[in-house]
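**Student:**
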Amino acid sequence: DITEQEANGLTGRIENAKDLREVEGILEEAELKKAKKDAESEVDKLTNLNKAQKDALKAEIDDIETDPTNENMKTIEKVKTAITAVVTKAKELDGKMKSLKDLVTLVNGQKSTLTAKPDYKDNKKTAFDSALKAAEDLVKTDSAENKTADEVDNIKNALEKAVKDLGGKTVDKSALQELINGDTGFKKTIVYINADKSKQTTYDKAITDGKSVLTDANATVERVTQAVNAINSAKAALDGKVNTTELEQKVSEAKKLKKSTNPQSAGDAKYENASEAKKSAFDTALQQAESALTEAKSDQSQKSPEQKQQAVNDALTALTKAVQNLDGNDVSKLQTAIANAKAKQQEVVYKNGTAVKKKALDDALKTAEDLVKTPHGHTDSEISTALNNLNTAISGLDGMVNTAELQTAVDNAKKLTGVTTPKSQDAYKYENASEAKKSAFDKALQQAESAITEAKNAKSTKTPEQKQQAVNTALTALTKAVNELDGNDKSQLVAKLAEAKGKKNDASYKNASAAKQAALDNAITSAESIVKKAGATEKEISDATSALNNAVTGLDGHDTSALQAAVTAAESKKKTVAYMNASDTKKTAFDNAVAAAQAILDSPKGKTEQEISDAKTQLETASNALDGTVDTSKLQVEVNKADSLKKSVQYTNAVQDKKSAYDTALTAAESALADAKNAQSANTPEQ
Numbered sequence: 001d002i003t004e005q006e007a008n009g010l011t012g013r014i015e016n017a018k019d020l021r022e023v024e025g026i027l028e029e030a031e032l033k034k035a036k037k038d039a040e041s042e043v044d045k046l047t048n049l050n051k052a053q054k055d056a057l058k059a060e061i062d063d064i065e066t067d068p069t070n071e072n073m074k075t076i077e078k079v080k081t082a083i084t085a086v087v088t089k090a091k092e093l094d095g096k097m098k099s100l101k102d103l104v105t106l107v108n109g110q111k112s113t114l115t116a117k118p119d120y121k122d123n124k125k126t127a128f129d130s131a132l133k134a135a136e137d138l139v140k141t142d143s144a145e146n147k148t149a150d151e152v153d154n155i156k157n158a159l160e161k162a163v164k165d166l167g168g169k170t171v172d173k174s175a176l177q178e179l180i181n182g183d184t185g186f187k188k189t190i191v192y193i194n195a196d197k198s199k200q201t202t203y204d205k206a207i208t209d210g211k212s213v214l215t216d217a218n219a220t221v222e223r224v225t226q227a228v229n230a231i232n233s234a235k236a237a238l239d240g241k242v243n244t245t246e247l248e249q250k251v252s253e254a255k256k257l258k259k260s261t262n263p264q265s266a267g268d269a270k271y272e273n274a275s276e277a278k279k280s281a282f283d284t285a286l287q288q289a290e291s292a293l294t295e296a297k298s299d300q301s302q303k304s305p306e307q308k309q310q311a312v313n314d315a316l317t318a319l320t321k322a323v324q325n326l327d328g329n330d331v332s333k334l335q336t337a338i339a340n341a342k343a344k345q346q347e348v349v350y351k352n353g354t355a356v357k358k359k360a361l362d363d364a365l366k367t368a369e370d371l372v373k374t375p376h377g378h379t380d381s382e383i384s385t386a387l388n389n390l391n392t393a394i395s396g397l398d399g400m401v402n403t404a405e406l407q408t409a410v411d412n413a414k415k416l417t418g419v420t421t422p423k424s425q426d427a428y429k430y431e432n433a434s435e436a437k438k439s440a441f442d443k444a445l446q447q448a449e450s451a452i453t454e455a456k457n458a459k460s461t462k463t464p465e466q467k468q469q470a471v472n473t474a475l476t477a478l479t480k481a482v483n484e485l486d487g488n489d490k491s492q493l494v495a496k497l498a499e500a501k502g503k504k505n506d507a508s509y510k511n512a513s514a515a516k517q518a519a520l521d522n523a524i525t526s527a528e529s530i531v532k533k534a535g536a537t538e539k540e541i542s543d544a545t546s547a548l549n550n551a552v553t554g555l556d557g558h559d560t561s562a563l564q565a566a567v568t569a570a571e572s573k574k575k576t577v578a579y580m581n582a583s584d585t586k587k588t589a590f591d592n593a594v595a596a597a598q599a600i601l602d603s604p605k606g607k608t609e610q611e612i613s614d615a616k617t618q619l620e621t622a623s624n625a626l627d628g629t630v631d632t633s634k635l636q637v638e639v640n641k642a643d644s645l646k647k648s649v650q651y652t653n654a655v656q657d658k659k660s661a662y663d664t665a666l667t668a669a670e671s672a673l674a675d676a677k678n679a680q681s682a683n684t685p686e687q
């Protein structure tokens, strides 16, 4: 980044620029200055270069021309390329300096051995000492020697030759040896075990190649370095981590067994219906599994990958076992069947079913509900049997639409109307009802019959419940219509009316006063209107009946038939001996009694029963008092003449026929006289 002073300078130059091209040049210069600073920073970070080398390289970077006012200025792309080339050269030199440093370290490690050798003298001694010193001087951080890559190679080659001449080592294989020695243990680590197979293969090959280099006495530093780098590179590429895939999958599966809203999960009967102990064991195993996963993925964990993997494996085993041990039963189908069974209990097929079928459902339902209450620890067979038994009980229900009560109501209703026999004793409730009530009754009866027909129609699209509802509704409506019939019993009124009408042919009416007759006539007329009136109230009927009864009982006409009979008998008696031969006094009394009785008969209205009775009694008394008897005096005179007549010529000289006729007549006369005087005779006085 540029400094504040540099920024201010750029700002001033831009403000003073003459044209856009100059502004662009200033900006390009600023961009390249930053590129140089970044490049110099990279050089400073190279740890194997000495101070002189770094200074020279940074100076080279600074010398790259960037002045926009210079006509020979390179393009910005070329300048950047030149900067990059210097950085690349610096890195290459840094690598060579590292190799030289490593060689110096290796030589110093065996210096005491090499300088103690017999060959360490003369030219070999001089060559070794000078070569080692040149190398040591160069690799010092504050060295003032600015050596190029080729010069570094020459110093390194000179040191290697001097060391070899003394029989020393010029190649350090310790790093390679260490990597190969650690291979067996490394392959037991998670980073290797769980790595991608292709990357394992690359690592295995790098180890194999490294072993070849390690055993090759002529292996160069480059080959050793290459082998070390190859192993380290392959090792770094190994991507083995704690393998949580299987546990994560198992945890994911396990979580789905529990009801959850985040994430959404309906749960599984295996867990949801499990016993508390099994659920608790499962919850613990799941919690431990999640903890193991968290620990495995934590960069802050103190545990090694191997410890994490072991924890993951143990958690997987425990969770798998806990899942297997869950004893919850899936009773969802059984619950569905239970709901279906309970719904059936509200339907006609159950309500109207036989007791045996209803009990079968009730028992199967109770068994199923008991299983659902404790939905764990049961065998699949127990669940299946309960389900089958419940479904069988449901399908076995035999209830049908119950029309019996409605049919009875319909039959009774028809008897009210007289459509069917025997006619109901309450038929008057319909017959005498008002038209509105009759109409409501007729409509309810028709709907009831329609409901019964529909209920028995196998082709109907209505459900049994709809049919039963229609039947029940029709029953309620018909019952209501029957109860609301407002016809009242007129039988007593009709009977009383007939009685009243009959009275009009009776002496009690005919002989009644005009007022009493009018009262009966009016009561009859009123009663007839009530009899004809539809919906006549009970009070109207009662009042009409009472009026008739009062009118009938109020008739003041009395029966004169007995008196009439007495008069008739009296008229006949006038032709009898008892009357004709009666004394004048008796006759007069009799005639007066007949006249009095006839007067009542001629005008019977208003006559009391006592008057009629008295007239009859008086007439009968007068009749019984008649004292007329049979008159035999004249006949006796003629009979008395018989003795003298028979001695007379008139008799004696008469022809025989005349004499016989006289004798017969005389005998009959004597017999008649004897019979007339005989109280025991069967003949009437008139006879």
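For the sequence shown, the residue numbers in the working numbering are 1 to 687.
Cβ coordinates follow ideal geometry from the N, Cα and C atoms, glycine included.
#1: Which two residues bound the contiguous alpha helix (DSSP H) that contains Ala562?
#2: Who are the near neighbours of Val251 in its chain, counting only those whose CB is closer than 8 Å to its CB and skipping five residues on each side?
#3: Are the Cβ atoms of Ala206 and Ala230 separated by less than 8 Å?
#4: Mind checking Thr629: buried by the 16 CB within 10 Å criterion, or exposed?
#5: Between which two residues does the alpha helix (DSSP H) harbouring Leu520 extend?
#6: Under 8 Å between the Cβ atoms of Ile394 and Ala368?
#7: What residue from Asp614, Thr75, Ser583 has the CA that sits closest to Thr560's CA?
#8: Throw me the rounded Cβ distance for the Lys641 and Tyr651 pair, which I believe falls under 8 Å.
#9: Give me the residue from Ile530, Leu555, Gly535, Ile524 with the minimum Cα distance to Ser508.
#10: Closest to Ala481 by CA distance: which of Ala495, Asp489, Ala444, Asn505 is it?
#11: Among Gln177, Gln492, Thr537, Lys33, which one has its Cα closest to the Cα of Glu484?
#12: Tell me which residues share the same chain as Leu93 and place their Cβ nearer than 6 Å to its Cβ, disregarding the 5 neighbours each side in the sequence.
#13: For the alpha helix (DSSP H) that contains Ala595, what are its first and last residues?
#14: Anyone know if the C-beta pair for Lys467 and Glu454 falls short of 8 Å?
#15: Do the CB positions of Ala237 and Lys199 come within less than 8 Å of each other?
#16: Would you say Ala566 and Lys616 are within 8 Å of each other, going by their C-beta atoms?
#17: Along the alpha helix (DSSP H) that carries Ser460, what are the first and last residues, could you check?
#18: By DSSP, does Gln310 sit in helix, in strand, or in coil?
#19: Looking only at DSSP bridge pairs, what is Gly328 linked to?
#20: Find the nearest neighbour of His376 within the set Thr336, Leu214, Tyr271, judged by alpha-carbon distance.
#21: Rounded to the nearest angstrom, what separates Ala427 and Asp602 at their Cα positions?
#22: Measuring straight from C-alpha to C-alpha, what distance separates Asn273 and Gln469?
#23: Please state whether DSSP places Ser260 in a helix, a strand or coil.
#24: Apply the 10 Å Cβ neighbour rule to Gln300 and answer buried if 16 or more other Cβ atoms are within range, or exposed otherwise.
#25: Of all the alpha helix (DSSP H) runs that stay within the bounds of the region 94-158, which reach a length of 4 or more residues?
#26: Tell me, which residues are paired with Ser648 by DSSP?
#27: Use the C-beta contact count for Asn432: other C-beta atoms within 10 angstroms, 16 or more gives buried, fewer gives exposed.
#28: So, using beta-carbon positions, are Phe186 and Val163 closer together than 8 Å?
#29: By the DSSP assignment, the alpha helix (DSSP H) with Val639 in it spans what residues?
#30: For Ala266, count the other beta carbons within 10 Å of its own beta carbon; 16 or more makes it buried, fewer makes it exposed. Which is it?
#31: I need the straight-line Cα distance from Lys333 to Lys259, nearest angstrom please.
#32: Can you check whether the CB of Leu371 is closer than 8 Å to the CB of Asn390?
#33: Among the residues of its own chain, which have a CB less than 6 Å from the CB of Asp486, if the five just before and after it don't count?
#34: So, under 8 Å CB-CB, Ala131 and Ala52 are touching, yes? Tell me the CB distance rounded to an integer number of Å.
#35: Does the distance from the C-beta atom of Ala39 to that of Val86 stay below 8 Å?
#36: Can you tell me whether Pro604 is buried or exposed? The criterion is at least 16 other CB atoms within 10 Å of its CB, across all chains shown.
**Tutor:** From the atom records:
#1: 561-573
#2: Leu286, Ala289, Glu290, Leu293, Leu319
#3: yes
#4: exposed
#5: Note, Leu520: alpha helix (DSSP H), 514-532.
#6: no
#7: Asp614
#8: Rounded, the Cβ-Cβ distance is 11 Å, inconsistent with contact.
#9: Leu555
#10: Ala444
#11: Cα-wise, what sits closest to Glu484 is Thr537.
#12: Ala149
#13: 584-602
#14: Contact check for Lys467 against Glu454 passes: the beta carbons are separated by less than 8 Å.
#15: yes
#16: yes
#17: That residue, Ser460, is in no alpha helix (DSSP H); it is neither H nor E in DSSP.
#18: Here Gln310 sits in helix by DSSP.
#19: The bridge partners DSSP lists for Gly328 are His376.
#20: Tyr271
#21: So the two alpha carbons sit approximately 49 Å from each other.
#22: 40 Å
#23: DSSP places Ser260 in strand when its eight states are reduced to three.
#24: exposed
#25: 111-115, 122-139
#26: Answer is none; Ser648 lacks a bridge partner.
#27: buried
#28: no
#29: Unbroken alpha helix (DSSP H) run through Val639: 633-640.
#30: exposed
#31: 18 Å
#32: In the sequence as presented, Asn is not what sits at residue 390; that position holds Leu. No, the Cβ-Cβ distance between Leu390 and Leu371 is not below 8 Å.
#33: Ala433, Ser434, Lys437, Gly535
#34: Beta-carbon to beta-carbon, Ala131 and Ala52 are separated by about 20 Å, too far to satisfy the 8 Å threshold.
#35: yes
#36: Buried, because 16 or more other Cβ atoms sit within 10 Å of the Cβ of Pro604.
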